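Asker:
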Amino acid sequence: ETGVTQSPTHLIKTRGQQVTLRCSSQSGHNTVSWYQQALGQGPQFIFQYYREEENGRGNFPPRFSGLQFPNYSSELNVNALELDDSALYLCASSLANSPLHFGNGTRLTVT
Amino acid sequence: RKEVEQDPGPFNVPEGATVAFNCTYSNSASQSFFWYRQDCRKEPKLLMSVYSSGNEDGRFTAQLNRASQYISLLIRDSKLSDSATYLCVADSRNDYKLSFGAGTTVTVRA
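Chains as they are written, first to last, in the numbering used here: chain A, -15 to 95; chain B, 174 to 283.
#1: Between the C-alpha atoms of Asn238 (chain B) and Ser203 (chain B), what's the straight-line distance to the nearest angstrom?
#2: Quick one: which residues of the stretch 184 to 198 of chain B get their C-beta closer than 8 Å to a C-beta of chain A? List them in chain order.
#3: Do we get a CB-CB distance below 7 Å when we pair Phe206 (chain B) with the residues of chain A?
#4: Thinking C-beta only, is Thr4 (chain A) closer than 7 Å to Asn61 (chain A)?
#5: For the beta strand (DSSP E) containing Thr191 (chain B), name the first residue and the last one.
#6: Does any residue of chain B bring its CB to less than 7 Å from the CB of Phe48 (chain A)?
#7: Would Gln25 (chain A) count as contacting chain B if we go by Cβ distances under 7 Å?
#8: Write down the C-beta distance between Val177 (chain B) and Phe273 (chain B) rounded to the nearest angstrom, noting that I regard them as a contact closer than 8 Å.
#9: Check each residue of the stretch 32 to 58 of chain A: if its Cβ is closer than 7 Å to any Cβ of chain B, include it; give the result in chain order.
#10: Which residue wins for smallest C-alpha separation from Phe233 (chain B), given the options B:Val192, B:Lys215, B:Lys175 and B:Thr258?
#11: What runs of the beta strand (DSSP E), each 3 residues or longer, lie entirely inside the stretch 178 to 262 of chain B?
#12: By the three-class DSSP mapping on this structure, what secondary structure does Leu60 (chain A) have?
#13: Counting contacts by CB-CB distance shorter than 7 Å, is Gly12 (chain A) in contact with chain B?
#14: Please confirm whether Met221 (chain B) and Ala240 (chain B) have their CB atoms less than 7 Å apart.
#15: Whose CA, out of B:Arg214, B:Pro181, B:Asn195 and B:Ser254, lies closest to the CA of Phe207 (chain B)?
#16: For a test of the three-state rule: what should DSSP assign to Leu67 (chain A), helix, strand or coil?
#17: Compute the Euclidean distance between the alpha carbons of Gln28 (chain A) and Pro54 (chain A), then round it to the nearest angstrom.
#18: Mind listing the chain B neighbours of Gly(-13) (chain A)? Cutoff is C-beta to C-beta under 8 Å, in chain order.
#19: How about Gly276 (chain B): is its C-beta nearer than 7 Å to some C-beta of chain A?
#20: Shorter than 7 Å from the beta carbon of Phe233 (chain B) to some beta carbon of chain A?
#21: Work out the CA separation of Ser(-9) (chain A) and Asp68 (chain A) for me, nearest whole Å.
Spelled out as structure tokens, the structure:
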């Protein structure tokens, strides 16, 4: 069974740039959720995708957007990066109403 | 007010000790609860789900108190490898997101 994989593991971007983070869900999981974890904080829900549709969104601005593909993999896109976007971005896959299984995350640094 | 609040600790305990800590949740509609463990600079990993009747998994015991809206985790016979941050998580049947606390740090010393 293949777990959740994320790429890249680390990324450095400049303020104002755009970034795309990628996630492959665990085999058999049809739901993907994205979380942002700032240093010293718990993960904060960004949004969730189920069968290629956004299925819930947290308190993040529209410059955070996403996609889910037919194979249930997903992308998180962030436009107009700000310094406060520096964080660990976590992707988690699940089946409906089951616990989340996280990937190892992408550590984004915005300078 | 945060949806899930935890005592950040740190709880510094000797090997073999028992350590317990709580978290509170604000959404009375929450239906599912979990404890996740997170090691430094790693992803969170599911430790255990929390059931209404309370449940035990080896040295770990989780309790849910719906009336007071808190969840507890107790670790018996602490091991050095238990040193980590423990994240409390609450779900809501009417929402799609999981709400995480900021974590409770536990350090077990030899």
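The C-beta atom is built at its ideal place from N, Cα and C for all residues, glycine as well.
Predicted model only: the values in this text are computed from it and were never measured.
Answerer: Taking the definition as stated:
#1: In the second sequence, residue 238 (chain B) corresponds to position 65, counting from 1. In the second sequence, residue 203 (chain B) corresponds to position 30, counting from 1. Approximately 12 Å, taken between the alpha carbons.
#2: none
#3: Against the second sequence, residue 206 (chain B) aligns to sequence position 33. No, Phe206 (chain B) lies away from the interface with chain A (no Cβ there is under 7 Å from its Cβ).
#4: In the first sequence, counting from the first residue as 1, residue 61 (chain A) sits at position 77. In the first sequence, counting from the first residue as 1, residue 4 (chain A) sits at position 20. In this structure, Asn61 (chain A) places its C-beta atom within 7 Å of the C-beta atom of Thr4 (chain A).
#5: Here residue 191 (chain B) refers to the residue found at position 18 when the second sequence is read from its first residue. That residue, Thr191 (chain B), is in no beta strand (DSSP E); it is neither H nor E in DSSP.
#6: Taking the first sequence and counting its residues from 1, one reaches residue 48 (chain A) at position 64. Not closer than 7 Å to any Cβ of chain B, the Cβ of Phe48 (chain A) fails to qualify, so no.
#7: Position 41 of the first sequence, counted from the first residue, corresponds to residue 25 (chain A). For Gln25 (chain A), the answer is yes, since a Cβ of chain B falls inside 7 Å of its Cβ.
#8: To locate residue 177 (chain B), count along the second sequence from 1; it is residue 4. To locate residue 273 (chain B), count along the second sequence from 1; it is residue 100. Indeed, because the Cβ distance is near 6 Å, the residues count as touching under 8 Å.
#9: Gln32, Asn39, Gly40 and Gly42
#10: Indexing the second sequence from 1 puts residue 233 (chain B) at position 60. Of B:Val192, B:Lys215, B:Lys175 and B:Thr258, the residue nearest in Cα terms is B:Val192.
#11: 184 to 187, 192 to 198, 206 to 211, 218 to 223, 228 to 230, 233 to 238 and 243 to 248
#12: To locate residue 60 (chain A), count along the first sequence from 1; it is residue 76. Correct three-state label for Leu60 (chain A): strand.
#13: Here residue 12 (chain A) corresponds to residue number 28 of the first sequence, with the count starting at 1. No, no contact with chain B.
#14: In the second sequence, the residue the question calls residue 221 (chain B) occupies position 48. In the second sequence, the residue the question calls residue 240 (chain B) occupies position 67. Ala240 (chain B) sits away from Met221 (chain B), with the two beta carbons spaced by 7 Å or more.
#15: Sequence index remark: in the second sequence, residue 207 (chain B) carries index 34 (1-based). That would be B:Asn195, whose Cα lies nearest to the Cα of Phe207 (chain B).
#16: On the first sequence, position 83 is the one that residue 67 (chain A) refers to. Helix, per DSSP.
#17: As a position in the first sequence, residue 28 (chain A) is number 44, starting the count at 1. As a position in the first sequence, residue 54 (chain A) is number 70, starting the count at 1. Roughly 26 Å separates the two Cα atoms.
#18: As a working note, residue -13 (chain A) is residue 3 in the first sequence. The premise fails here: Gly(-13) (chain A) is roughly 10 Å from chain B at the closest Cβ pair, so nothing lies under 8 Å.
#19: Here residue 276 (chain B) corresponds to residue number 103 of the second sequence, with the count starting at 1. Gly276 (chain B) counts as touching chain A.
#20: Looking up residue 233 (chain B) in the second sequence gives position 60. Phe233 (chain B) does not count as touching chain A.
#21: Residue 68 (chain A) sits at position 84 when you count from the first residue of the first sequence. Residue -9 (chain A) sits at position 7 when you count from the first residue of the first sequence. The alpha-carbon atoms of Asp68 (chain A) and Ser(-9) (chain A) are separated by roughly 21 Å.
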